[in-house]
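According to UniProt numbering, the stretch in the sequence shown is residues 1 to 384, in order.
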Amino acid sequence: MLWGRGGADDSDASSDDGEEGGGGKYNSGSEGELVAIDRGFRVELDELLRSSAYVLGKGGKGIVYKVVVANGTTTVAVRRLGGGGGGADRCKEFAAEARAVGRARHPNVVRLRAYYWSPDEKLVVTDFVGNGNLAAALRGRPGQSVLSWSARTKIAKGAARGLAYLHECSPRRFVHGEVKPSNILLDADFTPRVADFGLARLLAIAGCAPDGPPSSAGGGGGLLGGAIPYTKPATAPDRGGGGGYRPPEARAPGARPTQKWDVFSFGVVLLELLTGRGPGDHASPSTSASFSAPVSGSTATDRSGSGEHGAVPEVVRWVRRGFEEDARPVAEMVDPALLRGAGAPPLPKKEVVAAFHVALACTEVDPELRPRMKSVAESLDKIG
């Protein structure tokens, strides 16, 4: 079975580069068919089902497979959302949402290539990014050297550009809602690509609760589980939740992600890149100082999150205290791995301090005080 039949009415699928819609492989969303988002992706359903699959991760948002297509020239990531039922109306809604996600095209964003919908199975097919994610890179992997300062700034700048694109220029002005290191994928030269934006909405339409197990994740049931041979997992399941990266306002009843929510989460990720500490890591003195943080002129406003706002990640409070109260040397806050070893190059003082200032601006308790991601990206691009 080919992906599409062509000729479907799809006024919502226009694209500036002419790749989407109107092509012989494009389909507006028939139930039980693998549907290509654009003409550049040419894999048939039976090819996908004959392919070898490696489990990359399992969780409440489905099972993610690395799939090497049977033709041997294409590698993709396939997220199996599970069942959840659903009729024609939900199929159309899912198709429209998937097309909107697929029209988001930026060098620092993972692209959705195709999707599949049936009552007992929903799949999304994206580009495969082969060097793991930022969470794994920060923890260290066998045979991998410590992330250098230049690699960290490259990752921060690229991720900021990707998020700024999603906020300002993408078809739906997407809010990510789950910005964290495991959702920042890295290619071979550490170019970052933001992943999983739009996923919560797709899960909701599919009837798959994001906080519970996928309804067809177990055993060999479902299209993918029954047809693609299982090979042992390439990595352990992702155990890192996104709660520690969320802003204080996320605790309010009925809170919904906003662009300023994403800005805060990015700021926590940036602090993790700078300090090597996760959002909940408790601070302890590390390395002696060679340069110091400038002291803020005023600390009258409670910006630490220790008062009525609460719920500010420990790493944010620790760094803010270091800058605004203790005048702690920056070398005591920066990741010790960047300073370790006789061959470690000296860190550029102005760049490090500037990056900390960007992170602190992003993690203001008051959302109105946080910059837009476009401004964050522009500020980071001036570093180095």
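By construction, the Cβ of each residue, glycine as well, lies at the ideal position given by its N, Cα and C atoms.
Legend entry - Secondary structure of K154, DSSP reduced to three states: For the purposes of this step, residue 154 is taken as the residue at position 154 of the sequence shown. Correct three-state label for K154: helix.
**OP:** Would you tell me roughly how many angstroms separate the C-alpha atoms of L163 and A137, rounded to the nearest one?
**Re:** Taking the first residue of the sequence shown as 1, we reach residue 163 at position 163. Taking the first residue of the sequence shown as 1, we reach residue 137 at position 137. Roughly 20 Å between the two C-alpha positions.
DSSP three-state label for R201, please. Mapped onto the sequence shown, residue 201 falls at position 201. Looking at R201 - three-state DSSP - the assignment turns out to be helix.
_Pair within 8 Å by beta-carbon distance, L166 and H176_ = Position 166 of the sequence shown, counted from the first residue, corresponds to residue 166. Position 176 of the sequence shown, counted from the first residue, corresponds to residue 176. In this structure, H176 lies closer than 8 Å to L166 by Cβ.
Taking the alpha-carbon positions, what's the A194 to E178 distance? Taking the sequence shown and counting its residues from 1, the one referred to as residue 194 is at position 194. Taking the sequence shown and counting its residues from 1, the one referred to as residue 178 is at position 178. According to the sequence as given, residue 194 is Val; it is not Ala. Cα to Cα, the separation comes out at about 10 Å.
ask   = Which residues in the same chain have their Cβ closer than 6 Å to the Cβ of A151, if we skip the five residues on either side of it in sequence?
value = Taking the first residue of the sequence shown as position 1, residue 151 is located at position 151. If we look at A151 and ignore the five residues flanking it on each side, its Cβ neighbours are F190.
**Request:** Check the C-beta distance from V146 over to T126 and give it rounded, since I have them as a contact under 8 Å.
**Result:** As a position in the sequence shown, residue 146 is number 146, starting the count at 1. As a position in the sequence shown, residue 126 is number 126, starting the count at 1. The Cβ separation is near 29 Å, so there is no contact.
Look at A156 and L270 and say whether their C-beta atoms are less than 8 Å apart. In the sequence shown, residue 156 corresponds to position 156, counting from 1. In the sequence shown, residue 270 corresponds to position 270, counting from 1. A contact, by the Cβ cut-off of 8 Å.
Close beta carbons around Y116, own chain, < 6 Å, minus the five adjacent residues each side: As a first step, residue 116 is located in the sequence shown; it is residue number 116 there, counting from the start. Excluding positions up to five away in sequence, the list reads L34 and L123.
With distance defined between alpha-carbon atoms, name the residue in V376, K92, K382 and V55 nearest to S118. Numbered from 1 along the sequence shown, position 118 holds the residue referred to as residue 118. It is K92.
| said: Could you tell me the alpha carbon to alpha carbon distance between D326 and Y245, rounded to whole angstroms? | reply: As a first step, residue 326 is located in the sequence shown; it is residue number 326 there, counting from the start. As a first step, residue 245 is located in the sequence shown; it is residue number 245 there, counting from the start. Looking at the two C-alpha atoms, the distance is approximately 24 Å.
Quick check on the burial criterion: 16 or more other C-beta atoms within 10 angstroms. Buried or exposed for K349?
For this step, residue 349 is matched to residue 349 along the sequence shown. K349 comes out exposed.
- Item | Of the residues R113, E378 and A88, the one placed nearest G40, counting alpha carbons only | By one-based count along the sequence shown, residue 40 stands at place 40. When only C-alpha atoms are compared, the closest one is R113.
field: Helix, strand or coil at T301 [DSSP, three-state]
entry: The sequence position of residue 301 within the sequence shown is 301, counting from 1. Only weak support is given to the placement of T301: the predicted model assigns it a pLDDT of 45, under 50, and the question is left unresolved by the model.
Mapping the DSSP letters down to three states, classify F353 as helix, strand or coil. The sequence position of residue 353 within the sequence shown is 353, counting from 1. Here residue 353 is Val; the residue named in the question, Phe, does not match the sequence. In this structure, V353 counts as helix in the three-state DSSP scheme.
ask   = Between the C-alpha atoms of A53 and R141, what's the straight-line distance to the nearest angstrom?
value = Here residue 53 is taken as the residue at index 53 of the sequence shown, counted from 1. Here residue 141 is taken as the residue at index 141 of the sequence shown, counted from 1. Roughly 22 Å separates the two Cα atoms.
*Which of helix, strand or coil DSSP assigns to S265*: Here the question's residue 265 lines up with position 265 in the sequence shown. S265: helix per DSSP, three-state reduction.
C-alpha distance - D366 paired with K260, whole-angstrom precision:
The sequence position of residue 366 within the sequence shown is 366, counting from 1. The sequence position of residue 260 within the sequence shown is 260, counting from 1. Between D366 and K260, the C-alpha separation is close to 10 Å.
**Message:** Can you look up V76 in the DSSP assignment and give me helix, strand or coil?
**Reply:** On the sequence shown, residue 76 is found 76 positions in, with the first residue counted as 1. Reduced to three states, the DSSP call for V76 is strand.
- Could you pull the start and end residues of the beta strand (DSSP E) that A114 belongs to? Start at 1 with the first residue of the sequence shown, and residue 114 comes out as number 114. From DSSP, the beta strand (DSSP E) with A114 extends over L112 to S118.
Do V315 and P279 come within 8 Å of each other at the CB atom, strictly closer than that value? On the sequence shown, position 279 is the one that residue 279 refers to. On the sequence shown, position 315 is the one that residue 315 refers to. A contact, by the Cβ cut-off of 8 Å.
**Q.** Status (buried if at least 16 other CB within 10 Å, exposed otherwise) for P181
**A.** Along the sequence shown, one-based indexing puts residue 181 at 181. Classification for P181: buried.
**Asked** What residue range is occupied by the uninterrupted beta strand (DSSP E) comprising L339?
**Response** Position 339 of the sequence shown, counted from the start, is the residue given in the question as residue 339. Per DSSP, L339 belongs to no beta strand (DSSP E) and is neither H nor E.
(request) Select from P257, V353 and L203 the residue whose C-alpha is nearest the C-alpha of R328. (result) Sequence index remark: in the sequence shown, residue 328 carries index 328 (1-based). Looking at the Cα atoms, V353 is the closest of the given residues.
*Candidates A135, H106 and G62: which alpha carbon is nearest L273's?*
Here the question's residue 273 lines up with position 273 in the sequence shown. Minimum Cα distance to L273 is reached at A135.
Report the option in V312, A95, A377 and G322 whose CA atom is closest to the CA atom of I205. Start at 1 with the first residue of the sequence shown, and residue 205 comes out as number 205. Cα-wise, what sits closest to I205 is A95.
- Assign T363 to one of two classes, buried (16 or more other C-beta atoms within 10 Å of its C-beta) or exposed (fewer than that). Residue numbering aside, residue 363 sits at position 363 when the sequence shown is read from its first letter. Buried: at least 16 other Cβ atoms inside 10 Å.
Using CA atoms only, rank isn't needed, just tell me which of D335, F323, S375 and E249 is closest to R277. As a first step, residue 277 must be located in the sequence shown, where it is residue number 277. Closest by alpha carbon: D335.
Quiz prompt | Under the three-state DSSP convention, the category V101 falls into | solution = The count along the sequence shown starts at 1 and reaches residue 101 at position 101. Correct three-state label for V101: helix.
Quick check on K382: buried or exposed, where buried means 16 or more other Cβ atoms within 10 Å of its Cβ? Locating residue 382 in the sequence shown gives position 382, where the first residue counts as 1. With fewer than 16 other Cβ atoms within 10 Å, it is exposed.
Legend entry - Inter-residue spacing [alpha-carbon to alpha-carbon] between T231 and A160: Translated into positions along the sequence shown, residue 231 becomes position 231. Translated into positions along the sequence shown, residue 160 becomes position 160. Note that T231 scores a pLDDT of 42, beneath 50, so its modelled location is shaky; the value from the coordinates is reported in the next line. Their Cα atoms are separated by approximately 35 Å.
**Study point:** G59, enclosing beta strand (DSSP E) - first and last residue
**Key:** Reading the sequence shown from its first residue, position 59 is the one you call residue 59. Here the beta strand (DSSP E) through G59 covers S52 to G59.
Practice problem: Note down, in chain order, each residue of its chain lying with its Cβ closer than 6 Å to the Cβ of E168, except the 5 sequence neighbours on either side. | Solution: Position 168 of the sequence shown, counted from the start, is the residue given in the question as residue 168. Taken in chain order, the residues that qualify are K374.
TODO: Please go through the same chain and pick out, in chain order, the residues whose beta-carbon is closer than 6 Å to the beta-carbon of G267, but skip the five residues on each side of it.
DONE: Within the sequence shown, numbered from 1, the residue matching residue 267 stands at position 267. Once the five neighbours on either side are set aside, the close Cβ partners of G267 are A359, C362 and T363.
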